[in-house]
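Colleague:
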Amino acid sequence: MVLGRAGMKLEAQKFAVYLSIPIMASLAFNEPSVQKWAADYFQFMKYPSNPKTNLMKEFEQLQREREEEIEEERRMQEKRIKGREEYLAQMKLLNSSRDENAPGINTIDSTSNKSGWFGWMRGWRRGGES
Numbered sequence: 001m002v003l004g005r006a007g008m009k010l011e012a013q014k015f016a017v018y019l020s021i022p023i024m025a026s027l028a029f030n031e032p033s034v035q036k037w038a039a040d041y042f043q044f045m046k047y048p049s050n051p052k053t054n055l056m057k058e059f060e061q062l063q064r065e066r067e068e069e070i071e072e073e074r075r076m077q078e079k080r081i082k083g084r085e086e087y088l089a090q091m092k093l094l095n096s097s098r099d100e101n102a103p104g105i106n107t108i109d110s111t112s113n114k115s116g117w118f119g120w121m122r123g124w125r126r127g128g129e130s
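Start counting the sequence shown at 1; every next residue gets the next number (the UniProt record's numbering).
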């Protein structure tokens, strides 16, 4: 069912509301303090600097940051090497103490012909254990 003139009036009222809401909001919030807060808050969009400006400070800062990253990586590498040496020393100590205390405990039976994850399937495929 077509609304006719009532439909036109409804559309005009909706259009008036659509226009009045942003206008009222801009009148209510158009204060310098609110504008400054919004400008500071949305500064995540940075634009590139002008190519005609002096870029020496920026270059030096990037170079310092890169040198710090290289130094940090070198320290981490030394730390890893030291940790690896400590781990190997602990493993040698544990192996020597295990061999002294009980030679034969915690060893894998190497006489078994079933090796690997699916070693149990070898006999099954042939029709039984051999």
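Beta carbons are placed, not taken as given, at the ideal position from N, Cα and C, and that holds for glycine. Model, not experiment: these values are computed from the prediction.
Tell me the rounded alpha-carbon separation between R66 and Y87.
Modeller: 31 Å
Colleague: Would DSSP call G83 helix, strand or coil?
Modeller: helix
Colleague: On the three-state DSSP scale, how would you describe Q43?
Modeller: coil
Colleague: Within the continuous alpha helix (DSSP H) that includes F15, where are the two ends?
Modeller: 5-29
Colleague: Please state the DSSP three-state secondary structure of E68.
Modeller: helix
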